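Scroll down for the structure; my scribbles are underneath it.
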Amino acid sequence: MSAAMLTADWFLLGRDLYFRKFEIYSLGWQRDVNVNNVIAVAAPYGGPIAVRRDNKKLVKVQGSGQLIISIYSGSARHIKSIKWEGKPVVKIGWSNDERLICVQENGKVTVQDVFGSFEHTFTISQKLNSKVVDAAIFTNPQNFTGIAVLTEANKIFYIENIYDPKEKQLSDLPRVGRQPTSWVVISQDRLTEVLIAKEKALFRLTRDEHHPSSMLVADVAHEYTSIIKMAVSINARHVAFFTDAGYLWMGSSDLRTKYCELDTEMITKPKQLVWCGTEAVVAFWEKDYTLMVMGRHGEKMTYSYEACVHLVPEIDGVRILSATQHELVQKVPDVVQKIFRINSTDPGSFLLEASKQFQRRSHRADEYISLVNKNLGRAVEQCIEAAGYEFDTEVQKMLIRAAQFGKCFVSSIDSDEYVEMCRLLRVLNAVRDPRIGIPMTKTEYDCLSRGKLLDRLVTRGQYFLAIQIAKYLKMPEKEGSNRILVHWAKYKVGKHQPVDDEMIAKEIGDKLGYTPGISYSEIAKTASDNGRTKLAIKLLDYEPRASEQVKLLVDLKEYKPALVKAIESGDTDLIYDVILKLRGHMTMGDFKLLLHEYSVAIALYIKYCKEHDPEALTEILIQEDDFDSQAQQHLIASLDEKKNWDREMNVSSALKAYKVKRNDLNASICEETVRLFKHQKTFEEKLKKQFVGKSAHDTCRELLLMEEFKLAEKFKGEYKIPDKR
Amino acid sequence: MRHLQGGKMDVSVIHSLARNTLINLIEKCSGTKLIVWESSISGPMGLIAQYSLLKEMGVIKMYPLRTGPLLENPAEHVIFISRPKLHSMDLIAENVHESKKTSGNSKQYHLFFLTRNSLLCKKRLENRGMLGSLTYIEELNCEFFPVDSDLISMEIPEVFGEYHIQNDPTTLYKIAQAIITLQKIYGPIPRVWGKGQAAKQVWDLVKRLQRENNLEETFKNNQTTSIDQILLIDRSIDLITPLATQLTYEGLIDEIFGLNNTTACFPADKFKNKTDRVSESLAEAKETVILDSADALFTDLRDKNFNAVGAFLSKQAKLISAQLEERHEISVQEMKVFVQKLPNILANKNALSRHTAIAESIKDVTDSFDFLDSLQVEQEFLNCIEVDKANGYIEDLLAQKAPMIKVLRLICLQCLTGSGLKPKLLEYYKRELVQVYGIEALLALNNLEKVGLLKVQTGSRQYAVLRKTMRLTVEDTSEINPIDISYVHSIYAPLSIRIAEQLMKNGGWKQLQDVLGLLPGPNVEDTSNIYNGAISNSALNDAPTVVLVFFIGGCTFAEISALRFLSQQENSNVEFVVATTKLINGNTFLQSIIDIDNKKTVSHGI
């Protein structure tokens, strides 16, 4: 491929400022999509396209009059069509993370995923009072997606983040003149402002109470009566507006600096006006189907189309969706320009030439190499870098080959960059494949980070590719494949999968295994949210963290498995937690029966009762037929010095318990003790000394000390006390 | 804390980690502080942070946790440090409540749970309305207390009883967590041995926790390990050893005077010179001595059989006096050297006189008839002599109403060596005990029966078999220059240590199958896959294998001495490190079992 071919799609807008427009995909829309009659919006970073009928166009009604929003991939593969059932939609658009946003005329906003599944909804403001006539979706510097709406009463409300909708209102528009003719949202430096034009007058609306709105005067040289279209660049630094005199004014967003004023020779209002990166503005007029690219330095390039096109602003260019093509207009990256520009003398350019000659087995390769000998390292870098910006795989190969060729001549070169780039190219090419349809540029990839790219694949259900990429890029398992697997599993347990629970659980289990870092409880939660409790329980079997497992099981009211898992974990705190929850939720009878099956649980419950609830303890011991423990409790009670009076009674209850258990020895010991009490009482009465509480041995000793030998002798006989003592 | 270093498994790491966590927690409260310790942990905590250190951090007073209002004090913060026990929670709630009445809101209250906070405890505090009054409720994560360079202890006395009587696995979970902590510090443990139900359960929990904590990932990065093997010994496989009287120097100190957290108290009279003795009141003076490996002489003495101690001490005495004698016949230069050495020599002299005093006080006891008689009975039992009859000496003790623990200890030993008592005999003992000590004795007996320390004789005689196959009693060993671990009990070799010894010799359970069959509980043997990558230090440079012996349910000083003895053997290439849940002796062991459930628990609830 000659250099001329490569630069054929380039065009110059000012000195050394090349732009290029090239095709990414050729599109085959479905029959019912007539690009002239629809509004097409695409998500940033090569995201999917949403298409709806344009209400302002008159078309023959096909089928019901209901609004249908269709979602396509970047390569116009149909993903899903949704029938709209809410209030009329004022605006559709995409959030930063590829969520479809529909703003309804009553101020309600719905957020849906790529498949049109409903995610959440909220209202911009409770104070709307009038219909929403227009809406703008913007990205603020914190990279959240915000929405601003303009109402019939000319009030502007906005939210900064669709996931945390906090309504904010901008100052009112001064009541002069008529309806606003155009408006844009400028969100920079944590400040969201709106630039709004009322015919000739231009206002900046802020939330600042002291300067509610200010009128701005831009330095416009050519007379006009109205500003009819405005555009703000993605980084919110630059604005452009189109006047009814046919001039396009470009300048900084504070309107202080003017870059240029350009005569478009068009008078009608452009259908779309967007910034292409930061150095040019692209406009499209429905009349004549004219597309114009206008540089910051006052030069322009005009293209004609056969039908309507739709412009999608990206951070480094503009995507153009036409009936047959999906094109990209972007500034030619510097490094690419250096290599491919005609008569370039940059080392990269020579290296590429050398490599080409070498492949042709021409001796001139050596001449070219010698031209760059000193800068070979730089040349290799340039080739590697440039390869990243190319969409055409042939060009990529050419550049990579050149880099590889150049590398051979430099011994000290670090191959990391080369390897990295080859990896990256494979990934980018994979996602750009029409079957996936994410036409992402390298700049976008760098901005977005690989994690987000994976998220995008995952939301599209491209689990396999995502995992392959994660592995290929050697991402840590935690943020790479594990996360993807969890997403996959969540999808599996979703509502739409009619397969048998058992199968799904097994499938997920097989695939995920006991991989560390996978949260099965998260998956199970999704399953239970989808009303598949059984599946959730099965999945929880795989969850390694007992606390998570048990928590969810209790939430699912699956008390028995919860208890079993808690016991398996060995964490007694967890077991107590479950036991106490169970006690609150179940009838006492069921509760006890359940506990009865698990010895650890019952042991812990008994222990708990001992400390907290002596009555429940007795109950549970009776139920468990644990007479030994009952007896023991009675004995312990009998030793309690505070309750001297029922000592005898307690020992006799212990005696009874032992008898039931047929523990004759212990029973007889208790019996003796009871008798001992009686004796001691008589002794006490007789001798006026305290005996109760003493052992038989001590009693006898006491008697001897008191020289009550007869009593002692009698006592000794009864208790068979050996003579030794 | 230099003395903690030196082993291949550097215990000082545990020490500094624990100290740092404590310091970090305490520093959360700025201002003057008062610390209230639960009484059972203030001792072990002293191993981690001395009072002087705490003082530097603004701690002005420390009290044990008890009922009644706190004493008046000017501290801005009151920090309670306690294990998660309900009983302590009640006391804390009471304390806070009382203190609030007197000092209003001028103080902040904090509660640090030792190792883990517990749901039940928080509930209890909540019920008492005191949860809100506590500003910080934190976990103080120090599972192990470093006792010595080769010894760490969790200082939880209830382990054995709670598990075997109440079937409460709480402490096993704590142990498993502690092992996880160890692995986090010292790297993965590639080889695992274990014997006994508790050992199995602990290891299962460890495996589970490893998965939960995602340790595999961590270990992938950290490939070195300082512990090569771990041997988990469930106390229930060897109940005899703790009951036998320890006859090593350190063991005897523990048996007679109690050695807690490296400190022991001795009657003071032996320590004073004759002149002092007159002036001091003789009555209750106690001398507190810190005994750890910082004391070089003690390091030499601790593992010796007491009969060897006397000889060693006199040899040392001669050495020192010889050193001191030298000065009479030396030149000026040599004098200079001598003077430099002098402080050292004097310190040695002091240490020597201290230990001589200790040895004397021990000797007073060991020479008594009481001690010798019970030792003789013990040894008869261990040799399987007359284990089936009612023992006369025990009867005498009963008649004299000797301390119940002492009697029970002998009865249990008789029961274990005879592999159970004849039903008649058991009944006889029981009746006697109740008659002498009252109905409380019955409760104690119940608990002992539950853990298997007392039982009715059944067919086989495990102990008799074990004694032969494992050579548990060795008659002809020298106490002064021992050749076998049996020296620690004079004739009896601790079964637990014998098992460890055999295991290391054979490198596995295989040869021990017959013996192990006689012991309760399953065997544990594991080499987990995740460790495959782990490179052991010793594999690389032929250094000794480090084996961590973990006693679940406590171990005695004699056992530790025996392990040290094994490490020191010339042909051994094993370095033993000991971890235990508590350092025990026969008395404390039995007491901990008897206390379970039988403390006045009921009265609190009402």
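Residue numbers (full-length UniProt numbering), protein chains in the order written: chain A, 1 to 725; chain B, 1 to 606.
We put the beta carbon where it would ideally sit given N, CA and C, even for glycine.
On a predicted model such as this, the values are computed, not experimentally measured, just so you know.
Query raised in the report: Can you tell me where the beta strand (DSSP E) with H110(B) in it begins and where it stops?
Result: Element bounds for H110(B): Q108 to L114.
Query raised in the report: For a contact meaning CB atoms closer than 9 Å, what does T673(A) contact in chain B?
Result: V434, G438, I439 and L442
Query raised in the report: Looking at C-alpha atoms only, which residue of L209(B), E162(B), L65(B) and L466(B) is the closest neighbour of L34(B)?
Result: L65(B)
Query raised in the report: Taking a cut of 9 Å between CB atoms, which residues from the segment 88-120 of chain B lie near chain A?
Result: Residues passing the 9 Å Cβ filter: R116, N117, S118, L119 and L120.
Report task. Give a single yes or no on whether I165(B) has its beta carbon closer than 7 Å to a heavy atom of the ligand ATP. Result -> Absent from the structure shown: the ligand ATP. Ligands present: none.
Requested in this report: Determine the DSSP secondary structure at E672(A), reduced to helix, strand or coil.
Outcome: helix
Report task. Classify L13(A) as buried or exposed, calling it buried when 16 or more other Cβ atoms lie within 10 Å of its own Cβ. Result -> buried
Query raised in the report: Between C555(B) and A198(B), what straight-line distance do the alpha-carbon atoms span, to the nearest angstrom?
Result: 15 Å
Report task. Report the partner residues of Q229(B) according to the DSSP bridge assignment. Result -> R191(B) and V547(B)
Query - Beta-carbon proximity list for R277(B), same chain, < 6 Å, skipping 5 on both sides - result: Residue placement at R277(B) cannot be trusted, given a pLDDT of 40 that sits under 50; what the coordinates show is reported in the next sentence. Closer than 6 Å at Cβ, skipping near neighbours: no residue.
Query raised in the report: How is H679(A) classed by DSSP in three states: helix, strand or coil?
Result: DSSP places H679(A) within a helical segment (H, G or I) once states are collapsed to three.
Query raised in the report: Would you report the Cα separation of I535(B) and L352(A), rounded to the nearest angstrom?
Result: Interpretation of I535(B) is limited by its pLDDT of 46, a score under 50 that renders its predicted location unreliable; the figure taken from the coordinates is listed afterwards. Rounded to whole angstroms, I535(B) to L352(A) spans 49 Å at the Cα level.
Query - Meets three-Cβ-pair contact criterion under 8 Å: the segment 349-364 of chain A and the segment 462-478 of chain A - result: no
Query raised in the report: Do we get a CB-CB distance below 8 Å when we pair L665(A) with the residues of chain B?
Result: yes
Query raised in the report: V278(B) by DSSP, collapsed to three states: which one?
Result: Caution is warranted here: a pLDDT of 42 is assigned to V278(B), below 50, making its placement in the model unreliable, and the coordinate value is therefore given only provisionally. In the structure shown, V278(B) sits in a helix (DSSP, three-state: H, G or I).
Query raised in the report: Among F160(B), N117(B), T32(B) and K85(B), which has the Cα closest to the Cα of L140(B)?
Result: N117(B)
Query raised in the report: Closest by CA to V434(B), which one among C422(A), D698(A), T151(A) and S26(A)?
Result: D698(A)
Report task. Determine whether the Cβ of P169(B) lies closer than 8 Å to any Cβ atom of chain A. Result -> yes
Report task. Using only alpha-carbon positions, find the residue among I253(B), G129(B) and L47(B) that is nearest to S16(B). Result -> L47(B)
Query raised in the report: In chain order, what residues of the same chain lie with their CB nearer than 7 Å to the CB of V474(B), ignoring the 5 residues before and after it?
Result: D484, S486, I491 and A493
Query - Own chain partners of A539(B) with C-beta closer than 7 Å, once the 5 adjacent residues on each side are dropped - result: Any reading at A539(B) needs caution, since the residue's pLDDT is 47, under 50, leaving its predicted position unreliable; the model's value is listed next. Excluding positions up to five away in sequence, the list is empty.
Query raised in the report: Within 8 Å (strictly less), CB to CB, does V278(B) reach chain A?
Result: Because V278(B) sits at a pLDDT of 42, beneath the cut-off of 50, its placement in the model cannot be relied upon, and the point is left open.
Query raised in the report: Which residue's Cα is closest to the Cα of S355(A): D346(A), T145(A), M398(A) and V281(A)?
Result: M398(A)
Report task. Verify the CB distance criterion: does K424(B) have a CB-CB separation below 8 Å to chain A? Result -> no
**Report entry** Counted within 10 angstroms of its Cβ, other Cβ atoms place G146(A) as buried (16 or more) or exposed
**Finding:** By the C-beta density criterion, G146(A) is buried, having at least 16 other C-beta atoms within 10 angstroms.
Query - Beta carbon of T171(B) nearer than 8 Å to that of E143(B) - result: no
Query raised in the report: Exposed or buried, G277(A), counting other C-beta atoms within 10 Å across all chains shown (16 or more means buried)?
Result: Flag for G277(A) reads buried.
Query raised in the report: What in chain B is Cβ-close to A696(A), meaning under 9 Å?
Result: V434, Q435, V436 and G438
Report task. Could you check what DSSP says for A534(B) in three-state terms: helix, strand or coil? Result -> At A534(B), the pLDDT of 44 sits below 50, so the modelled position is not reliable; the number obtained from the coordinates is stated separately. Of the three classes helix, strand and coil, the one that applies to A534(B) here is coil, per DSSP.
Report task. For the segment 139-156 of chain A and the segment 180-197 of chain A, state whether three or more C-beta atom pairs, one from each stretch, are separated by less than 8 Å. Result -> Contact between the segment 139-156 of chain A and the segment 180-197 of chain A is present: three or more C-beta pairs spanning the two stretches fall below 8 Å.
Query raised in the report: Are the beta-carbon atoms of L11(B) and I233(B) separated by less than 8 Å?
Result: In the sequence under discussion, the amino acid at residue 11(B) is Val, which differs from the Leu named in the question. Cβ distance not < 8 Å, so V11(B) and I233(B) don't count as in contact.
Query raised in the report: Going by beta carbon distance, what residues of the same chain come within less than 6 Å of H222(A), once the five residues before and after it are set aside?
Result: A245 and Y247
Query raised in the report: What do you get for N129(A), buried or exposed, if any count of 16 or more other CB atoms within 10 angstroms of its CB means buried?
Result: By the Cβ-count criterion, N129(A) is exposed, with fewer than 16 other Cβ atoms from all chains shown falling within 10 Å of its own Cβ.
Query raised in the report: Are the segment 88-96 of chain A and the segment 70-80 of chain A in contact at 8 Å, needing three or more beta carbon pairs?
Result: no
Query raised in the report: Three-state secondary structure (DSSP) at residue 634(B)?
Result: Any answer about residue 634(B) is impossible in this case: the structure gives chain B only from 1 up to 606.
**Report entry** Close-in-space but distant-in-sequence residues of the same chain around S233(A) (CB under 6 Å, 5 per side omitted)
**Finding:** W275 and T278
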